[in-house]
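Residues -2 to 284 (this note's numbering) make up the sequence shown, in order. Every residue, glycine too, gets a C-beta built ideally from N, C-alpha and C. A quick note: this is a predicted structure, and the numbers were derived from the prediction, not measured. Worksheet for the structure shown next.
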Amino acid sequence: MPELPEVETVRRGLARVVTGWSITGVVVANPKVLRGQLPETLRERLLGRRIQQIDRRGKYLLVRLSPALCSFEPLSLCIHLKMRGQMMVEPEDSEPGKYHCVTIVVRGEDPAKAACLRFYDAWTWGELRALYESELASSVPALAQMGPEPLTDDWTGAVLGQTLAKRRTAIKPTLLDQKVVAGVGNIYADEALYRSRIHPQRVAGSLTPDEVNRLADAVKTILTEAVEGGGTTSENFFDVAGDAGRYEPQVYERGGLPCRHCAAVLTRIRLAGRSAVFCESCQPLTR
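What follows is the structure, encoded as structure tokens:
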């Protein structure tokens, strides 16, 4: 699943191209990704709106749109890529590719400048809906419940320590809880634990203050590096231009291969229904 760095890469790519452009067309090829919103509702809400800015909250994209004459209530195009979703910017005259779900046609102030924002999803698990501010809390409750953004000043060792203090779950699945930290998934939880030398099975509440600070710093550093690298590309993530990410994980999906620090064989286990890869030498289970 695309995580914070991949979604931020998409956000930046969209913002560079279509901020200030207006929506002139909407085509829904697979309404399943609308999660119950009718195609005609999506069209009615989007047509004629101008893209004011594009934000990210955790793994969600929020395309902020200009107000309509009939309503000044803020409207956002809320997008979640889930496992296989992709947002692409393609030429206006191009034909959609395989797994096409939604096309949004956008134009700049110069009518000659136009493009298609296309949402692809092989599994149709993703989400794309136009929601008013008053609808967001009920339609996307995860947004209101989400933890701090790890690339902001809201994310500190002190904040993480307060959250972990009474947790009796293992630290790896705890990091995957979006109420603990926004945007971290399997890739970057593995990477942050490896960087901070913490075993994924450690009880979250047992971490020492030094370990908590190391982990908080590692989360921020790893995510920053991954954003700068355009994310991690597996088989299902590419940026809006179709280019692969350049970030190279140190442990994620490398179970059975040598640790790049000590050459010990990396271990892969199942933990709370998810995989975890780590180095038993660099990340000993001490508590």
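Got a sec, what are the start and stop residues for the beta strand (DSSP E) residue i sits in?
{"i": "residue 23", "result": "19 to 25"}
{"i": "residue 268", "result": "264 to 268"}
{"i": "residue 271", "result": "271 to 275"}
Using C-beta distances below 7 Å, list every residue in its chain close to residue i, excluding the 5 sequence neighbours before and after it, in chain order.
{"i": "residue 213", "result": "152, 153, 154 and 157"}
{"i": "residue 91", "result": "113"}
{"i": "residue 219", "result": "185, 188, 189 and 192"}
{"i": "residue 247", "result": "188, 191 and 257"}
{"i": "residue 221", "result": "148"}
{"i": "residue 280", "result": "190, 191, 194, 195 and 196"}
{"i": "residue 54", "result": "140, 143 and 179"}
Sorted by chain position, which residues of the same chain lie with C-beta nearer than 6 Å to residue i's C-beta, five sequence neighbours on each side aside?
{"i": "residue 176", "result": "142 and 144"}
{"i": "residue 122", "result": "79 and 80"}
{"i": "residue 269", "result": "170"}
{"i": "residue 21", "result": "102 and 104"}
{"i": "residue 129", "result": "70 and 72"}
{"i": "residue 36", "result": "25 and 28"}
Does the beta-carbon of residue i have 16 or more other beta-carbons within 10 angstroms, so that it is buried, or is it exposed?
{"i": "residue 85", "result": "buried"}
{"i": "residue -1", "result": "buried"}
{"i": "residue 276", "result": "buried"}
{"i": "residue 259", "result": "exposed"}
{"i": "residue 108", "result": "exposed"}
{"i": "residue 180", "result": "buried"}
{"i": "residue 41", "result": "exposed"}
{"i": "residue 82", "result": "buried"}
{"i": "residue 66", "result": "exposed"}
{"i": "residue 266", "result": "exposed"}
{"i": "residue 34", "result": "buried"}
{"i": "residue 56", "result": "buried"}
{"i": "residue 6", "result": "buried"}
{"i": "residue 150", "result": "exposed"}
{"i": "residue 39", "result": "buried"}
{"i": "residue 100", "result": "buried"}
{"i": "residue 205", "result": "exposed"}
{"i": "residue 283", "result": "exposed"}
{"i": "residue 162", "result": "exposed"}
Which first and last residues belong to the alpha helix (DSSP H) in which residue i is found?
{"i": "residue 191", "result": "183 to 193"}
{"i": "residue 39", "result": "36 to 43"}
{"i": "residue 4", "result": "1 to 15"}
{"i": "residue 170", "result": "168 to 173"}
{"i": "residue 159", "result": "154 to 161"}
List the DSSP bridge partners of residue i.
{"i": "residue 76", "result": "58 and 125"}
{"i": "residue 234", "result": "None; residue 234 has no bridge partner."}
{"i": "residue 219", "result": "Partner(s): none; residue 219 has no beta bridge."}
{"i": "residue 65", "result": "68"}
{"i": "residue -2", "result": "DSSP, once it has assigned bridges, lists no residue as partnering residue -2."}
{"i": "residue 82", "result": "118"}
{"i": "residue 209", "result": "In the DSSP output, where bridge partners are listed per residue, residue 209 has none listed."}
{"i": "residue 246", "result": "None, per the DSSP bridge assignment."}
{"i": "residue 178", "result": "DSSP, once it has assigned bridges, lists no residue as partnering residue 178."}
{"i": "residue 53", "result": "58"}
{"i": "residue 165", "result": "DSSP lists no partner for residue 165."}
{"i": "residue 47", "result": "19"}
{"i": "residue 255", "result": "262"}
{"i": "residue 200", "result": "167"}
Leaving out five residues on either side along the sequence, give the residues of the same chain with a beta carbon under 8 Å from the beta carbon of residue i.
{"i": "residue 251", "result": "263 and 274"}
{"i": "residue 134", "result": "140 and 141"}
{"i": "residue 231", "result": "250"}
{"i": "residue 11", "result": "51, 58, 60, 84, 86, 114 and 237"}
{"i": "residue 164", "result": "171, 200, 201 and 202"}
{"i": "residue 255", "result": "261, 262 and 263"}
Distance cutoff 8 Å, beta carbons only. Does residue i sit that close to anything in chain D?
{"i": "residue 177", "result": "No chain D appears in the structure shown, which is made up of a single protein chain."}
Where are the alpha helix (DSSP H) runs, 4 residues long or more, that stay fully inside the stretch 86 to 142, in chain order?
130 to 136 and 138 to 142
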